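S.K.: Protein chains in written order, with the working numbering: chain V, 14 to 344; chain U, 4 to 267; chain W, 14 to 329.
Please read through the structure below; I'll follow up with questions.
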Ligand SMILES: Nc1ncnc2c1ncn2[C@@H]1O[C@H](COP(=O)(O)OP(=O)(O)O)[C@@H](O)[C@H]1O
Ligand SMILES: [Mg+2]
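In structure tokens, the structure reads:
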């Protein structure tokens, strides 16, 4: 039994214009200690996936499918049972360290909260533990910092506080939703390395969400590439980066700044914009941006094909896409 | 919608009462004192034998006059000052804003109390007092919203093309803050009606024999224990008017400024 | 903290000074001769001149202003024109009614606002929320002095639970006095509470959309604990702001509502003074009311800093 098994997850958000299908038919499975990356452009449903796993969708969201954590279906759990799981067996780090901490409480108090809630520690025990946690996530001078308010810390330090918070009850799964997007480039690597080390030490499973293929390539064992709410390519990280198949993944890769490209190197972008989730096109959602699109793409949804063991792609023209990779599909 | 219909209904009452009321408003007749509710006097008569329904209708006129005049004073002076503050910035803005700061310590009633203490009680004085109270309200709102418009690109473009501040204010700033001002004007209208009623109730506002809702409450209060309904009607009329105007303000906000209404 | 405190205190003094100047200008320099007003239009010129000297009104305005202010600093508010007794004697008893009434109404309105606002926010868009907000919209529209009349008719005349008016005086016992203050306080608190309840509700809903609320939920806190532990305090900032702004209106309301209940508070003092053309009393009472408003807003400023640690940092 996998640690986490998500099958056919659908998330839809009711809006004034009708339901927006933010996630469609998502399948993920995660073993203990495994790391999974979810990558895709902004708006493709990464955060909604994460929030659905935590049971924290906005009020207008509904979920279908199954999310089973060690065999228990989370979608069937009561709110009270979910409260015992959140922060305890599953924890999450958010994108904006600036706004994700309560401005009117000290960071110490905020880290202590889950310790007292889930582990039933006394105030003084929780305080000691908090200082230990802050030390572990690399906050200098924790016995002073513990009394600081979020606005007195830098962005990087605040994200470290968020990590300490997530780590506090040694969860089985850590979900990090773009943990470094809001941070300075120099700090990004430090934070990712910290997460990586802690995950290793604790033996936690990690779901790392990013719009940056590079971040995913360096930090995860498995990848799911999302587009328009659905996974278009998934598999072991090495295999995917060794054998980019889906035209969208290739596009993301082409859009990545590369080492040695120099100042004059041109960044390619994928033309067009992400699909409208309320009126999804029939067929493949990537059709109107895809350099290989044919009439068939616009009318029939592609099925999943396996390129190599574990490497799955949802596309009508996989062979063409793989063959065209040499010259680059995007010019 | 509801707010609009209530307001329209009150306007209609005021209009009708200009030409016709079901009973006597000014005449005093002992013979018709304290008549109960009847086909001729739908709401009965008061201690001077005046028809209560007619008084209520004529009171609408008074409230509307007060609202219009007091809000106009506030609009003209306040919007003028606010636009000036926002166009000139610097010490002009500082001065105007500090001044409106401490005038906030004086609500309409207090400034009216001061003014009537000097000039004596009266309808006109109370309207002026309420109008003066409205000035800083509009000045602040105008300055705040105008400052936001001044930073917009098209205003920058207009300045770059050499247009003067006065022209920009008239052409770009004012039209863009108009909807906010209209919404606030409805709300201030309601506040003005409340304040006038309070002043007349205290005997500082509209003087007899002019019909006014606040005045009617004042006159009814001495008889509160044996003619309670006489105190209930005018207050109900005030509440209805204020309720209608507040709803109208909310509705206008939804129509004129969808962005604002969503935030609420 | 001390820098913040000192700064706010300076603002308080400056505002009070400004208010006293405005009051003085309106009451003493603008056209309108107190002596003429006191004696009436038929008075002879000599009589007016005599009274003017007697009241000290022939001295330069600046001198009179400083006399007034230094007098206040020494606890001397001057003498009433009409009664020839110190103004303080006239207002002392009134303050003992108006101040407790204002405080009691404030407490009631905040309690009402928190209960209704939080309940409505917790049941966002459900029937109870919508009907509560409808009622509060009505509550805002009701003139407080009319509500006072209705309360008297029902609770004092019909049910005889409370006295219909008057004030026994604090010597008569604490609870009798509170009982006399309840109805006027409710009349005042309903309108204020309705306004504050709406602000509370929208502010709570706004804070619920903040990222840190999601963090709190991700920790495993229930919706309810999140409300109490994380949302409430953050959502109080706009509520307190409006509370400060509304205090002036509340005070103005006490002036009127006291009158409905025939209570000898500041309201009736000032009305009597207006009828007697006793401008010096009006002047002092208005300044007192303004001072209460300013002090309340000072307290509000301090509360801000208590609630939101970021503000202190900004100001220092
Ligand atoms: N509260 C909401 N109501 C309706 N639609 C939403 C809401 N929040 C997000 N969406 C939409 O859902 C889609 C997925 O969003 P999200 O998961 O946040 O994307 P990302 O991959 O950037 O994290 C986006 O198109 C977004 O516009
Ligand atoms: Mg996201």
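All C-beta atoms in this analysis are idealised placements derived from N, C-alpha and C, irrespective of residue type, glycine included.
If you're wondering where the values come from, they're calculated on a predicted model, not measured in any experiment.
Just reading off the beta strand (DSSP E) that residue 324 (chain V) is part of, what are its end residues?
M.R.: The residue given as residue 324 (chain V) occupies position 311 in the first chain. Its beta strand (DSSP E) spans residues 324–327.
S.K.: In three-state terms, what does DSSP make of residue 31 (chain V)?
M.R.: Start at 1 with the first residue of the first chain, and residue 31 (chain V) comes out as number 18. For residue 31 (chain V), the secondary structure class from DSSP, reduced to helix, strand or coil, is strand.
S.K.: I'd like to confirm something about residue 60 (chain V): is its beta-carbon nearer than 6 Å to some heavy atom of ligand 2, or not?
M.R.: Counting from 1 along the first chain, the entry for residue 60 (chain V) is found at position 47. Residue 60 (chain V) Cβ: within cutoff of ligand 2.
S.K.: Taking 6 Å as the limit between beta carbons, can you name the residues of its chain near residue 311 (chain V), skipping five residues before and five after?
M.R.: As a working mapping, residue 311 (chain V) is identified with position 298 in the first chain. The answer, listed in chain order, is 296 and 300.
S.K.: Residue 18 (chain V) by DSSP, collapsed to three states: which one?
M.R.: Counting from one through the first chain, the residue named residue 18 (chain V) turns up at place 5. Strand.
S.K.: On the criterion of 16 or more Cβ atoms from any shown chain inside 10 Å, does residue 160 (chain V) qualify as buried, or is it exposed?
M.R.: Residue mapping note: residue 160 (chain V) aligns to position 147 of the first chain, counting from 1. With fewer than 16 Cβ atoms within 10 Å of its Cβ, residue 160 (chain V) is classed as exposed.
S.K.: Within its chain, find whatever has a CB closer than 6 Å to the CB of residue 323 (chain V); leave out the 5 residues flanking it on each side and keep chain order.
M.R.: On the first chain, residue 323 (chain V) is found 310 positions in, with the first residue counted as 1. Contacts found: 248 and 249.
S.K.: For the segment 307–325 of chain W, which residues have a beta carbon sitting closer than 9 Å to at least one beta carbon of chain U?
M.R.: 307 and 310
S.K.: Which ranges does the alpha helix (DSSP H) cover as unbroken runs of at least 4 residues, wholly within the segment 178–217 of chain V, from first to last along the chain?
M.R.: 198–215
S.K.: Using the Cβ count rule (16 or more neighbours within 10 Å means buried), how would you classify residue 298 (chain W)?
M.R.: For this step, residue 298 (chain W) is matched to residue 285 along the third chain. The residue in question, residue 298 (chain W), is buried, as its Cβ has 16 or more Cβ neighbours within 10 Å.
S.K.: Starting from residue 283 (chain W), find everything on chain U with Cβ-Cβ shorter than 7 Å and list it in chain order.
M.R.: For this step, residue 283 (chain W) is matched to residue 270 along the third chain. By Cβ distance, chain U contributes 116.
S.K.: Note the first and the last residue of the continuous beta strand (DSSP E) segment covering residue 243 (chain V).
M.R.: As a working note, residue 243 (chain V) is residue 230 in the first chain. Note, residue 243 (chain V): beta strand (DSSP E), 243–249.
S.K.: Would residue 144 (chain V) pass as a contact of residue 190 (chain V) if the rule is Cβ separation under 7 Å?
M.R.: If you number the first chain from 1, residue 144 (chain V) lands on position 131. If you number the first chain from 1, residue 190 (chain V) lands on position 177. Taking C-beta atoms as the reference points, residue 144 (chain V) and residue 190 (chain V) fail to come closer than 7 Å.
S.K.: Can you give the Cα-Cα distance for residue 265 (chain U) and residue 117 (chain V), rounded to whole angstroms?
M.R.: Position 262 of the second chain, counting from 1, holds the residue named residue 265 (chain U). Position 104 of the first chain, counting from 1, holds the residue named residue 117 (chain V). Caution applies to residue 265 (chain U), whose pLDDT of 43 falls short of 50 and renders its modelled position unreliable; the value that the coordinates give is listed next. About 26 Å.
S.K.: Can you tell me whether DSSP reads residue 106 (chain V) as helix, strand or coil?
M.R.: Walking along the first chain from the start, residue 106 (chain V) turns up at place 93. It is a strand residue.
S.K.: What residues in the segment 196–213 of chain U bring their beta carbon closer than 8 Å to a beta carbon of chain W?
M.R.: Cβ contacts with chain W: 197, 200, 201, 204, 205, 206 and 207.
S.K.: Using 7 Å as the threshold, is the C-beta distance between residue 141 (chain U) and residue 82 (chain U) below it?
M.R.: One-based indexing of the second chain puts residue 141 (chain U) at position 138. One-based indexing of the second chain puts residue 82 (chain U) at position 79. Yes, Cβ-Cβ distance for residue 141 (chain U) and residue 82 (chain U) is below 7 Å.
S.K.: From residue 214 (chain U) to residue 200 (chain U), what does the alpha carbon distance come to, in whole angstroms?
M.R.: Here residue 214 (chain U) is taken as the residue at index 211 of the second chain, counted from 1. Here residue 200 (chain U) is taken as the residue at index 197 of the second chain, counted from 1. Their backbone Cα atoms lie some 11 Å apart in a straight line.
S.K.: Does the separation of the CB atoms of residue 9 (chain U) and residue 217 (chain U) fall below 7 Å?
M.R.: On the second chain, residue 9 (chain U) is found 6 positions in, with the first residue counted as 1. On the second chain, residue 217 (chain U) is found 214 positions in, with the first residue counted as 1. No, these two residues do not count as a Cβ contact at 7 Å.
S.K.: Give me the Cβ distance between residue 5 (chain V) and residue 50 (chain V), rounded to the nearest whole Å; I'm assuming they're in contact under 8 Å.
M.R.: Since the first and last residues shown for chain V are 14 and 344, residue 5 (chain V) lies out of range.
S.K.: Is residue 246 (chain U) close to chain W, meaning its C-beta is less than 7 Å from at least one C-beta of that chain?
M.R.: One-based indexing of the second chain puts residue 246 (chain U) at position 243. Yes, residue 246 (chain U) lies at the interface with chain W (some Cβ there is under 7 Å from its Cβ).
S.K.: Against residue 13 (chain V), what residues of chain W qualify as contacts under a CB-to-CB distance less than 7 Å, listed in chain order?
M.R.: Residue numbering for chain V in the displayed model covers 14 to 344; residue 13 (chain V) lies beyond these limits and cannot be assessed.
S.K.: For residue 291 (chain W) versus residue 33 (chain W), is the C-beta distance shorter than 7 Å?
M.R.: Translated into positions along the third chain, residue 291 (chain W) becomes position 278. Translated into positions along the third chain, residue 33 (chain W) becomes position 20. Contact flag unset, no.
S.K.: For residue 68 (chain V) versus residue 36 (chain V), is the C-beta spacing smaller than 7 Å?
M.R.: For this step, residue 68 (chain V) is matched to residue 55 along the first chain. For this step, residue 36 (chain V) is matched to residue 23 along the first chain. In this structure, residue 36 (chain V) does not lie closer than 7 Å to residue 68 (chain V) by Cβ.
S.K.: Report all residues from its chain with a CB closer than 6 Å to the CB of residue 81 (chain V); omit the five preceding and five following residues, and keep chain order.
M.R.: In the first chain, counting from the first residue as 1, residue 81 (chain V) sits at position 68. Cβ neighbours of residue 81 (chain V) beyond the five flanking positions: 18.
S.K.: Could you give the first and the last residue of the continuous beta strand (DSSP E) run that contains residue 81 (chain V)?
M.R.: Translated into positions along the first chain, residue 81 (chain V) becomes position 68. It spans 74–82 - the beta strand (DSSP E) in which residue 81 (chain V) sits, taken as one unbroken run.
S.K.: Would you mind telling me which residues of chain U sit closer than 9 Å to residue 101 (chain W), beta carbon to beta carbon, in chain order?
M.R.: Working through the third chain from its first residue, we reach residue 101 (chain W) at position 88. Those do not exist, as residue 101 (chain W) stays about 19 Å from chain U at its closest Cβ, beyond 9 Å.
S.K.: Mind checking which residues open and close the alpha helix (DSSP H) that includes residue 75 (chain W)?
M.R.: Within the third chain, the letter at position 62 stands for residue 75 (chain W). Residue 75 (chain W) -> alpha helix (DSSP H) spans 74–86.
S.K.: Determine, using beta carbons only, whether residue 117 (chain V) comes closer than 7 Å to chain W.
M.R.: On the first chain, residue 117 (chain V) is found 104 positions in, with the first residue counted as 1. It does; some Cβ of chain W falls within 7 Å.
S.K.: Excluding five sequence neighbours on each side, which residues of the same chain lie with their C-beta closer than 6 Å to the C-beta of residue 207 (chain W)?
M.R.: Locating residue 207 (chain W) in the third chain gives position 194, counting from the first residue. Within the same chain, residue 207 (chain W) has close Cβ partners 149, 152 and 153.
S.K.: Can you have a look at residue 47 (chain V) and say buried or exposed, based on whether 16 or more other CB atoms are within 10 angstroms of its CB?
M.R.: As a position in the first chain, residue 47 (chain V) is number 34, starting the count at 1. The residue in question, residue 47 (chain V), is buried, as its Cβ has 16 or more Cβ neighbours within 10 Å.
S.K.: Give a yes or no on whether the minimum CB-CB distance between residue 139 (chain U) and chain W is below 7 Å.
M.R.: Reading the second chain from its first residue, position 136 is the one you call residue 139 (chain U). At least 7 Å separates the CB of residue 139 (chain U) from every CB of chain W.
S.K.: Under the criterion of a Cβ to heavy atom distance below 6 Å, does residue 71 (chain V) qualify as lining ligand 1?
M.R.: Mapped onto the first chain, residue 71 (chain V) falls at position 58. Answer for residue 71 (chain V): yes, Cβ within range of ligand 1.
S.K.: Taking just the CA atoms, how far does residue 250 (chain U) sit from residue 173 (chain U)?
M.R.: On the second chain, position 170 is the one that residue 173 (chain U) refers to. On the second chain, position 247 is the one that residue 250 (chain U) refers to. The straight-line gap from Cα to Cα measures roughly 30 Å.
S.K.: Mind checking the segment 124–158 of chain V against chain W and listing, in chain order, the residues whose C-beta falls within less than 7 Å of any C-beta there?
M.R.: 126, 127, 130 and 131
S.K.: Whose C-alpha, out of W:19, W:75 and W:56, is nearest the C-alpha of residue 38 (chain W)?
M.R.: The residue labelled residue 38 (chain W) in the question sits at position 25 within the third chain. When only C-alpha atoms are compared, the closest one is W:75.
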